[in-house]
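Accompanying notes for the structure given below.
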Amino acid sequence: MKRPGPAKKTAAKGLPKAPSTVTPLAPRRAAKAAAKPVTAPRLSKRPIRDEKPAKQARVGLFTKLSPEAKRFVSATRRRRIISLSFVGSFGLLILLILATMFTPLLAVEKLEVTGTKRINNKTVLKALEKQIGVPLPMVNSSSIADALAPFSLVDSFSVVSLPPHTLRIAITERQPICIVTVAGVDYLYDPAGIRVGNVGNSDNYPRIAIVGDPKGSAEFTAAIDVLLALPADLLGRIATVDAKSKDDVSMRLRGNAGQRIVWGDGSQSVLKSKVLAALIKNQKKTDYVTFDVSSPTAPVVRYGNF
């Protein structure tokens, strides 16, 4: 017995056929939105940047280098740091130098003069007034020398800067070594033939017997050479020096006896002074003698021969 199958649908005759597709009705908003044209976003032509920091990239690259390359990179960095430090220090030094040279930070406000005995100190200070206001590093020795030129008793000087505002001028005066009579007046002279001053009661220097101005005199120069060769203790005992020429110089010692010394020329001065000191030591100050050291290897002592 056969089971009944599904019933077949049959269209009723005389009825209209249904449409093949069904279109649902869309809302008005959807229709309006669909009607508007849609534009795509513009794409930038610039490449997208890598947001990873450059420092991380360098660190990553450094870790991939060989040990030799790492040492080279480290050495290069150290040299760069040292170079930059040197340049910075040098620039700072230049700025400091310029600041001290061209600003009143170290300007001279006080002057000090030392070493003056025969020269008037106030007169020297007045001559150096132009140094006030000059920066200490810019003080010029030549300008100071020009200011001191009128003072003939100044033998030499030195400049000492005492920051922040003091300038000290240390003067060395000419020292007299002898007495020379010029036009009937006794004057003190130094070894260069410069007149130091008048003779005072306490001045007990040797007298040099010459004619005319000592400066430029050959006889004066010969006598000075002899005095400079004598030791200090013996120089103090010399009363007079007679220089008839540069080859004929004689002297007399202080005392009633007036012991005489025949020196001769200026050769072998050191040996002559040593021999003379030994001869004088062996004689009494009251002995009337002449010490002849013109030939120091064969000295002669003559008694009572003047």
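Take 16 as the starting number for the sequence shown in our numbering and just add one per residue. Beta carbons are placed, not taken as given, at the ideal position from N, Cα and C, and that holds for glycine.
Taking Cβ positions, are residue i and residue j nearer each other than 8 Å?
{"i": "G281", "j": "A233", "result": "no"}
{"i": "H180", "j": "E144", "result": "no"}
{"i": "P314", "j": "Q283", "result": "no"}
{"i": "I209", "j": "S176", "result": "no"}
{"i": "W278", "j": "V264", "result": "yes"}
{"i": "D218", "j": "V197", "result": "no"}
{"i": "D302", "j": "A272", "result": "yes"}
Between which residues of its own chain and residue i is the CB-CB distance below 6 Å, once the five residues before and five after are set aside?
{"i": "M266", "result": "I253, V256 and I276"}
{"i": "C193", "result": "Y204, Y220, P221 and I223"}
{"i": "K300", "result": "G270"}
{"i": "E127", "result": "R183"}
{"i": "D201", "result": "I194 and V214"}
{"i": "A122", "result": "G148 and P150"}
{"i": "I225", "result": "S232, E234 and F235"}
{"i": "N216", "result": "none"}
Could you pull out every residue in the same chain whose Cβ sits closer than 8 Å to the Cβ of residue i, ignoring the five residues on either side in sequence?
{"i": "I159", "result": "L143, Q146, F172, V174 and I184"}
{"i": "S288", "result": "A244, L245, P246 and L249"}
{"i": "G212", "result": "R133, L168, P191, Y202 and L203"}
{"i": "K261", "result": "A233, E234, T236, A237, D280 and G281"}
{"i": "V154", "result": "V123, Q146, V174, S176 and L182"}
{"i": "P165", "result": "A142"}
{"i": "A207", "result": "R189 and K230"}
{"i": "N136", "result": "V128"}
{"i": "L294", "result": "F306, V308, P314 and V316"}
{"i": "L140", "result": "L126 and V128"}
With a threshold of 16 other CB atoms inside 10 Å of the CB of residue i, please say whether the residue is buried or exposed.
{"i": "L286", "result": "exposed"}
{"i": "D307", "result": "buried"}
{"i": "T129", "result": "exposed"}
{"i": "L163", "result": "buried"}
{"i": "A258", "result": "buried"}
{"i": "Y318", "result": "exposed"}
{"i": "P191", "result": "buried"}
{"i": "L151", "result": "buried"}
{"i": "I96", "result": "exposed"}
{"i": "S157", "result": "exposed"}
{"i": "I109", "result": "exposed"}
{"i": "V37", "result": "Legend: pLDDT at V37 = 48, less than 50; position of this residue unreliable, value from coordinates given subsequently. When all chains shown are included, V37 counts as exposed."}
{"i": "L107", "result": "exposed"}
{"i": "S89", "result": "exposed"}
Using DSSP with H/G/I as helix, E/B as strand and the rest coil, what is residue i?
{"i": "P229", "result": "coil"}
{"i": "E144", "result": "helix"}
{"i": "T236", "result": "helix"}
{"i": "P150", "result": "strand"}
{"i": "G279", "result": "strand"}
{"i": "V315", "result": "strand"}
{"i": "L40", "result": "Residue confidence for L40 is low, a pLDDT of 47 falling below 50, so the modelled location carries little weight and cannot support an answer."}
{"i": "S288", "result": "helix"}
{"i": "S217", "result": "coil"}
{"i": "T399", "result": "Summary: the structure shown does not reach residue 399, with the chain confined to residues 16 through 321, and so no result is reported for it."}
{"i": "R95", "result": "helix"}
{"i": "V308", "result": "coil"}
{"i": "L243", "result": "helix"}
{"i": "L126", "result": "strand"}
{"i": "A26", "result": "Low per-residue confidence applies at A26: pLDDT is 46, beneath 50, and the placement is therefore not dependable, though the value from the model is reported in the following sentence. In the structure shown, A26 sits in coil (DSSP, three-state: anything other than H, G, I, E or B)."}
{"i": "G251", "result": "coil"}
Roughly how far, in whole angstroms, is the beta-carbon of residue i from the beta-carbon of residue j, given that I think they are within contact range, below 8 Å?
{"i": "E188", "j": "T138", "result": "Not a contact, Cβ separation roughly 13 Å."}
Here's a check: name, in chain order, each residue in its chain whose Cβ is nearer than 7 Å to the Cβ of residue i, leaving out the five neighbours to either side.
{"i": "S100", "result": "none"}
{"i": "D170", "result": "T187, E188 and R189"}
{"i": "V93", "result": "In the sequence under discussion, the amino acid at residue 93 is Arg, which differs from the Val named in the question. Within the same chain, R93 has no close Cβ partners at all."}
{"i": "A292", "result": "P246 and L249"}
{"i": "S104", "result": "none"}
Is there a Cβ from chain D that is less than 8 Å from the Cβ of residue i?
{"i": "G103", "result": "Annotation note: the requested chain D is absent from the structure, which comprises a single protein chain."}
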